[in-house]
Structure formats: structure tokens, C-alpha cells
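Quick note: the sequence shown uses the UniProt record's numbering, first residue 1, plus one each step.
C-beta atoms are modelled at their ideal positions from N, C-alpha and C, and glycine is treated no differently.
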Amino acid sequence: MKTDIIYTFLQVSQLLFLVYLIAYASFLLISLVVAGTHLHEKSKKRKSQPKAEPLGLAAKLAVSVLVPAYNEEVTIIESLTSLLNLDYDDYEIIVIDDGSKDQTAQLVREHFGLEPSQRRIDFQIPCQNYKGIWEKNLGKVHLTLIQKENGGKGDALNMGINAASYDYFLCLDADSMLQRDSLKHIVTPVLEEEDVIAVGGLVQVAQGLSMVNGEFQSYKLPWKLLACSQVIEYDCSFLGSRILLDYLKSNLIISGAFGLFKRDLVLAAGGYDRQTLGEDMELVMKLHFFCRNNNIPYQIRYESNAVCWSQAPVNLGDLCKQRRRWFLGLFQCLVKYRTIFVNPRFGLVGFLSYLYYLLFELLSPFVELFGALAILISLVFYQLNLGYFFSLFSLYILYCTMMTLTSFLQRAYSQQLLLKATDIFTVVYAAIFRYLFLHWILNWVRVTSFFGYQKKKKVWGDLKREKQLDNLDILKNS
């Protein structure tokens, strides 16, 4: 009797797991096709426009660039220097030092010659108090440094929103760098359609990039396997599902590394949640929730031409910390806004986007762990056809590798990257490493991330940084 129950359990498990894999594979394929079409259209449009034609209207939208920083002394100067070189007329930069324990604030003050300021900040949304403000006009850009008590990234961003002078603000990680035209591109959807309240940009891994004064020079895949695996992962995400969900006007996340928001709506909605690890996703879900419940016409868009280069974790320990934080942030957001799920008021946001993040992001590691246990039980009870299993697993690795390679080639085509034969080999090699080993390590991190959750649920998650100047020649010819 027990044996019959086990056999039935294994058969049902195999069927459900197969259905899950087919659904996920189908979503990836559809995303890839839609993204390829989108990138091809963008590339044709760019080639058909005169090269000298600027995004002229973009310069008419004033933007406050917010840079929250915590222990970023290694990268902060290079990042701010790249921001000062943006091809944009009307913007300010506000650096919010969130109680750093290193020399982040001191380096910014000394390098840019900032002077103490007596300006007052109107606290429209809650955040920790500030210790001091320093500022200076650097050419056309006003640079402000706010040093405050530690409160987490969401709290630091709330301080920046309170201090911002303009109607739109751009969030940017302190280790990230923009190309000269990135700000022009990310404001374009706002200028094209008046109901756009937020725009996300394309985030890519900075390792391997050569850039002079914000101008893209060349790119080569990083030779370190861990960094290269993250490059192809970012390509699959930002040049796949993000584009599909943008087509359907149902994006649920704008990366905290690079996102533009309408200030008055964010203030009305209450700003960033200071109690969550996923403050970027939480704000987007909050805006969906706020606008739908108040019948405010709105769009949340994604602009793939707006590129941000961000450092990826350089060792496995830091990568595990990052993914643990991302996963817990996802969990917090989906639980907090669970009423969105299959709610007709939210349209495809509730019926497609929420379902995607629930099934294929939040539950995925548990489903895959369950599948691994079912395989183990099948092996113990001699119910596993090893030849069929290895064939199916090899097909899975091959399919994922082909999807990854296609995403990378689409990116190379759209950004006109010059590739070598070794780049193709490196992508394939990194993809196999990712799906054969790294994927399962990170799944274990996600499954076990709830241990100690209450104690660490608001931790920034300090990551080791590399000196960007080794890879990015941003200060040459300046």
C-alpha cells in the first residue's frame, strides 16, 4: 500500500514538474522573441535618424539625481565624475551618505571641494535626521552631499526625495556609472507620453567595460567566470522578460540601480518603504496600487536605450549575500501587495506579472528543490530511468544555453558590439557553468534565506567593491 502511494506521488510529481518546466521555457521563448523584435526596431530607428540629431526635448526636463551611499569609498569618486560628464542641461546630483563607516563622505567633500550649507530640508516623507549638508556648483551641475544617520537604503532615498529640487528624480547606486546619453534616453518616455510616472533603464555589468568621459569605447566579456555568469544573467533578464512586460504595460520592478520617478506621485504614495529589503520593487508595486485605487492614469515604462553600468559582486560570498537580499525583498513585496494577485482592478499586472514573479521567481527554488527530492526518491525506489533523466537534463542545459547565447547576441547586435569567436565560447562556457553549478548554489541560498530573517531583514548587505578605474577610463581627457 505504501509503495503504491509512493509510486502515485512520483508520477504526479513528474507530471507537475514537467508542466512547470514547459511553462517557464515557453515564457522565456516568448520573451526572447518579443525582445528581439523590439531591439531590432530600436536599432533600425536609431540608424535611420541623423547622427547629429540630439534628443533635444529631453534637456527641458529637470532631474534630481539621487545617489544613496553606504561604505562606497572605493567607487564613489569615479561614479560621481561620470555623472558630472552627462550630456544633459538641467540636473542636480544629491549624494546621501547613510552613516557610512568608511571615508565615503570625507572623500566626496575633499575631492569636489564642497562647502558647508545651512539649507533646510522639508521632511515630507519620514527618514532619519541628517548630521550635515555640503554643496557646491560644479559648472552647470549643483552637487549636494547629505550626511545622515544610518537607516537603510530606502531611508536614504527618502532623504534624497525630500531634498530634491525638481519634479523628477533618478535613483542611482553609488557603484554605478552612466553613459553620457543615458539620462536623455531614460526621460524620453516621459516626454513622449504625459502619463508616464516611472521609467526603468537597462542595467549591465561594468566589469569588462572601457569608457572615456562617459563615452562607450569598447567592451569585452570579463574573464572571471563568476562575473561573466552575471553578465549573461543580466542580459537574459533586462533583454528578455523586462521588455515583454513593458510591451504589456505590466512591469512590476524598476532596478534600484537606475530608475526615474515622478516626485509628487512618490510623495503622495508615501515614498520608499524603510522596512523592506526590496525597496525598488516595493515602490513600483506601491505606485501601481496607489494609482489604480485612486483612478490615476499612469504608465510605468522600461527604456532599453538608457544604459547603466553597475559592478557585479566579485566573489561567491558577496553574490550569495546579494541574492539572499533580493529574494527576501521579493518575498516581502509579494506578501505586502498580495491583493494585486488576479485582481481585475490591476489587469495584466495582477494576472501576468504578479503570477510570473510568484511562480518563476519566488517559488522556483522550492519547486526545483522538490524536483530534486523527487528524483532522489525515484532513484531509491528504482523508478528512475537514468538514460532518460540524463537526456532530459542535458536538453534543459542546452535549451538554457541557447536562450542565453541568443540574448547575448541580441545585445551585441543592438549595441553594435564587436565580438570575437572567443566571446561566443566564453558565453557558452559561462552558461553551462551557471546552469550546472551556480544556479543550484543560489537556489540553496534562496531556500535557506529565511533563517535569521527577522534579525537581518533590513541590512544593506555590504559588498566588496573593486576600483573601477582599473576597467573604466572615465577620467582620461577630462
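Cut-off 6 Å between Cβ atoms - residues of its own chain near residue 480, not counting five sequence neighbours on either side: Because residue 480 is not part of the residues shown, which for the chain are 1 to 478, the question remains open.
A430, buried or exposed, once every other Cβ within 10 Å from all chains shown has been counted against 16: Taking the first residue of the sequence shown as position 1, residue 430 is located at position 430. Buried, since its Cβ has 16 or more Cβ neighbours within 10 Å.
Cut-off 6 Å between Cβ atoms - residues of its own chain near V28, not counting five sequence neighbours on either side: The count along the sequence shown starts at 1 and reaches residue 28 at position 28. The residue you asked about is not Val; residue 28 is Leu in the sequence shown. Cβ neighbours of L28 beyond the five flanking positions: M403.
Span of the beta strand (DSSP E) around V367: Here the question's residue 367 lines up with position 367 in the sequence shown. Not the beta strand (DSSP E): V367 falls in the alpha helix (DSSP H), residues 364-380.
Whole beta strand (DSSP E) elements within the UniProt domain "Glycosyltransferase 2-like" (64-113), 3-residue minimum: 91-98
Sequence ranges, alpha helix (DSSP H) only - wholly within the region 110-169, length at least 4: Those alpha helix (DSSP H) runs which fall completely within the region 110-169 and span 4+ residues are 153-163.
Any 3 or more C-beta pairs closer than 8 Å across the region 395-409 and the region 370-377: no
Residue 504, enclosing beta strand (DSSP E) - first and last residue: Lying outside 1 to 478, the shown extent of the chain, residue 504 is not represented and no answer is given.
Unbroken beta strand (DSSP E) run spanning residue 479, endpoints: This structure leaves residue 479 out entirely; the chain is present only between 1 and 478.
Option nearest T3 by Cα separation, candidates F381, V447, V428, L436: What you label residue 3 is simply residue 3 of the sequence shown in a count that begins at 1. Considering only alpha carbons, the answer is F381.
Residue environment, G329, which counts as buried when at least 16 other CB atoms sit within 10 Å: For the purposes of this step, residue 329 is identified with residue 329 of the sequence shown, where counting begins at 1. By the 10 Å Cβ count, G329 comes out buried.
Cβ neighbour criterion (16 or more within 10 Å) applied to D470: Looking up residue 470 in the sequence shown gives position 470. Caution is warranted here: a pLDDT of 43 is assigned to D470, below 50, making its placement in the model unreliable, and the coordinate value is therefore given only provisionally. Exposed, since its Cβ has fewer than 16 Cβ neighbours within 10 Å.
Any beta strand (DSSP E) of 3 or more consecutive residues that is wholly inside the region 257-286: 258-262
Buried or exposed by the 16-neighbour rule on C-beta atoms within 10 Å, applied to L18: To locate residue 18, count along the sequence shown from 1; it is residue 18. L18 should be labelled exposed.
Buried versus exposed, by CB contacts within 10 Å (16 or more), D235: Translated into the one-based positions of the sequence shown, residue 235 becomes position 235. It counts as buried.
For A163 and I186, the rounded distance between their alpha carbons: Here residue 186 is taken as the residue at index 186 of the sequence shown, counted from 1. Here residue 163 is taken as the residue at index 163 of the sequence shown, counted from 1. Answer to the nearest angstrom: the Cα atoms are 22 Å apart.
Where A52 falls: helix, strand or coil (DSSP): Within the sequence shown, numbered from 1, the residue matching residue 52 stands at position 52. Unreliable placement is indicated for A52, whose pLDDT of 43 sits below 50; no coordinate value is reported for it.
Sequence-distant residues of the same chain with beta carbon closer than 6 Å to I121, five excluded per side: For the purposes of this step, residue 121 is taken as the residue at position 121 of the sequence shown. Result list for I121: N162, A163, in chain order.
For G200: DSSP bridge partner residues: Here residue 200 refers to the residue found at position 200 when the sequence shown is read from its first residue. DSSP, once it has assigned bridges, lists G259, Y302 as partnering G200.
Residues near E53 in its chain [Cβ-Cβ closer than 6 Å; skip 5 each side]: Here residue 53 refers to the residue found at position 53 when the sequence shown is read from its first residue. Confidence in E53 is poor, its pLDDT being 45 and thus under 50, which makes the residue's placement unreliable; the coordinate value appears in the next sentence. Leaving aside the five residues that flank E53 on each side, none in its chain has a CB nearer than 6 Å to its CB.
C-beta atoms of R274 and G152 nearer than 8 Å: Here residue 274 corresponds to residue number 274 of the sequence shown, with the count starting at 1. Here residue 152 corresponds to residue number 152 of the sequence shown, with the count starting at 1. It is a contact, given that the beta carbons lie within the stated cut-off.
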